[in-house]
Amino acid sequence: MNLFSDIRALVIESLGAMTAEGALPAGLDFTAVAVEPPRDAAHGDMATNAAMVLAKPSGQNPRAIAEALAVKLAADPRVTLAEVAGPGFLNLRLAPSVWQGLVRTVLDAGKDYGRSTLGRGARVNVEFVSANPTGPMHVGHVRGAVFGDALASLLAFAGHDVTREYYINDGGAQVDVLARSAYERYREAHGLEPEIREGLYPGDYLIPVGEALKEKYGDSLLDKGEQYWLADVREFATERMMAMIREDLASLGVKMDVYSSEKALYGTGKIESAIQTLRDMGLIYEGVLEPPKGKLPEDWEEREQTLFRSTAHGDDVDRPVQKSDGNWTYFAPDIAYHYDKVTRGFDQLIDVLGADHGGYVKRLKAVVSALSNGRVPLEVKLIQLVKLFKNGEPFKMSKRAGTFVTLRDVVEQAGADVTRFVMLTRKNDAPLDFDFDKVLEQSKDNPVFYVQYAHARVSSVLRKAAEAGIPTDDATLAAADLSLIGHEVELALAKKMAEWPRLVEIAAKGQEPHRVAFYLYELASELHSLWNRGNDDTSLRFVQEGNVAVSQSKIALARAAGVVISAGLAILGVKPVEEMR
RNA sequence: GGCCCCGUAGCUCAGGGGAUAGAGCGACCGCCUCCUAAGCGGUAGGUCACAGGUUCGAAUCCUGUCGGGGCCGCCA
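In this text, residue positions in the first sequence follow my numbering: the first is 1389, and each later residue adds one.
Printed below as a string of structure tokens:
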């Protein structure tokens, strides 16, 4: 199904034959032999570096190897031309029938075209978002949510068994703050003046929570000390916040498989047992940390703490797991949580975190490495900041000034599809500019519309064909005489589609969903290009008046492009459109 | 002081061992009696931050320097 691997197999087979004939020494390692699209399409359809890679180990001139290999490859009916170029590249040109056959392959496979077995069913846990349950999701969370979701889809498409997971930070001091903030709103609901002290959450979103508390508890919590209500209010408010967050995620089209709770780790011995496991490995000790160099915290004092010997697993310093008052640090439940993920049998863990967690990565990796005996790799994807713009002007966010941009604001203004696509057009480790005006602009400047427009044009062709009475269901198109398409511009579109399975694997290996977005842009560009050629050359239009067979072959090509665009958009979580409005 | 990320065209960014380094925007020149011109074709624009190293081959890998951002015990 992947033409590049098909041709690579042919190359390897030919190299094997050369070895058998004594043209190459036995025992050569062919793993570095690659078959790729050439940088410049004028060079051919595919290129292999085989001769250059094998020149040194075989002690032969690369061009001589390439010449001999060219003869072998040219004997295959799929190869119409094999020529040596540059330092020893072997450029291949493939027969039109190969590309015509590819169109049929795409139509037969439908949305599964490009699906890969690369992952061999490995169980991968992708943890993402994990926003604190203390308020609505803001724009900073959106990018992490979209990235994690698309990465999960990409890995699943590439043959992994993926679990999407959200870790609810409902066990720390911040949920106590939430409870106190909600309690003030509860008092407010009773007509009292709320005291939103410094450090409490001032947001309006807690007002309905206060009212709901009144409904549930009446006035029974009024004028009582914290010890009477804190636990109940905390649980109540946290639940409400999570309901809100789930709604936010749903509006973005993100669906988690598992929600894990930090609170559930406390009082169940899970933290203690995870720490004990590390202790048994000799990785927990009582000690004193060196003060950080450079900028010293003002209230620094030496103090003995319970430490995790993360330096034994690649970290720079050991890390405290207990505060001086004996409580766990934030790190401790995280140890237990990652231990839990390891215990659940995942083959790989991926954490999607904000870039401000960069200093946290090494200790997390150290924990997972220690607790899995090095069996489970942890990959941490850091998501850089989103810089908001409006009318080309930077848009500063501030909770205090009330210019706090929530996920809901973004989705309401830009729409889920646009938001998702735009947020995926950048590598996760590069900052992203998000301009509210630009993302809604309907031009080539905006990649979302460019790709959607291409898909809409395919739909338009199908509608036109239907009006002309030409049957265009997928089965009919797949059975069409595809040898009728042969113009180089048409074949160029098919060639771009041939790259899709390869791209899926590259993107999955690199855990880089942005590659999908860039690929879709290129594919759309090929389609637009072909479309416009039809303006000058009517023989290149998809619907050919009075010629059903030719029309069907050309429509099959367009439809196949639409199928690939849909498949790519599905990974990004974006719905393709049938027409532009 | 240490750790992580980044530095590619005027701007925003792809490419991350392979050939003459690409796209969009901006600039300039063209293309609608014709399937959606929300599009297409072309021209101009580069010391891939800098210096060493590895390699048949480096924008890409390694080391260092410079510049930008992030992080660095009792917050999560």
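Beta carbons: idealized from backbone N, C-alpha and C, even for Gly.
What first and last residue would you give for the beta strand (DSSP E) that runs through residue i?
i	result
residue 1771	1766-1771
residue 1755	Run containing residue 1755: none in the beta strand (DSSP E); it sits in the alpha helix (DSSP H), 1749-1759.
residue 1481	1477-1482
residue 1736	1736-1742
residue 1674	1672-1676
residue 1693	1692-1696
residue 1915	Segment 1902-1924 is the alpha helix (DSSP H) holding residue 1915; no beta strand (DSSP E) there.
residue 1774	1774-1778
Can you tell me whether residue i is helix, strand or coil according to DSSP?
i	result
residue 1558	coil
residue 1513	strand
residue 1522	coil
residue 1801	helix
residue 1434	strand
residue 1890	helix
residue 1661	helix
residue 1970	Residue 1970 falls outside the range modelled here, since the chain spans only 1389 to 1969, and no answer is possible.
residue 1470	strand
residue 1615	helix
residue 1688	coil
residue 1424	strand
residue 1840	helix
residue 1627	helix
residue 1881	helix
residue 1781	strand
residue 1582	coil
Going along the chain, which residues of its own chain have a beta-carbon closer than 8 Å to the beta-carbon of residue i, five neighbours each way excluded?
i	result
residue 1841	1912, 1916 and 1968
residue 1750	1698, 1702, 1703 and 1704
residue 1527	1774, 1776, 1785, 1793, 1794, 1795, 1797, 1798 and 1822
residue 1818	1772
If we count the other Cβ atoms within 10 Å of its Cβ and call it buried at 16 or more, is residue i buried or exposed?
i	result
residue 1705	exposed
residue 1776	buried
residue 1694	buried
residue 1816	buried
residue 1996	Absent from the model: residue 1996. The displayed extent of the chain is 1389 to 1969, so no value can be given.
residue 1863	exposed
residue 1646	exposed
residue 1450	buried
residue 1707	buried
residue 1502	buried
residue 1830	exposed
Measuring alpha carbon to alpha carbon, tell me which of the options ends up nearest residue i.
i	options	result
residue 1793	1642, 1823 and 1815	1823
residue 1778	1807, 1659, 1827 and 1813	1827
residue 1677	1697, 1868 and 1585	1697
residue 1962	1641, 1579, 1503 and 1585	1641
residue 1399	1458, 1410, 1491 and 1415	1458
Does the ligand PLP have a heavy atom nearer than 7 Å to the CB of residue i?
i	result
residue 1653	By its list of ligands, the structure shown contains no ligand whatsoever, and the ligand PLP lies outside what it can speak to.
Closer than 7 Å by C-beta to residue i: which residues in its own chain qualify, once you throw out the five before and the five after it? Chain order, please.
i	result
residue 1597	1570, 1573, 1625 and 1628
residue 1874	1484
residue 1903	1891, 1894 and 1895
residue 1825	1778 and 1779
Leaving aside the five residues before and after residue i along the sequence, list all residues of the same chain whose C-beta is less than 6 Å from its C-beta, in chain order.
i	result
residue 1520	1557 and 1562
residue 1540	1514, 1550 and 1552
residue 1938	1872 and 1932
residue 1662	1723, 1724 and 1727
residue 1738	1514 and 1767
residue 1512	1543, 1548, 1550 and 1736
residue 1850	1860
residue 1649	1556 and 1558
For the alpha helix (DSSP H) that residue i lies in, which residues bound it at each end?
i	result
residue 1407	1391-1408
residue 1957	1936-1960
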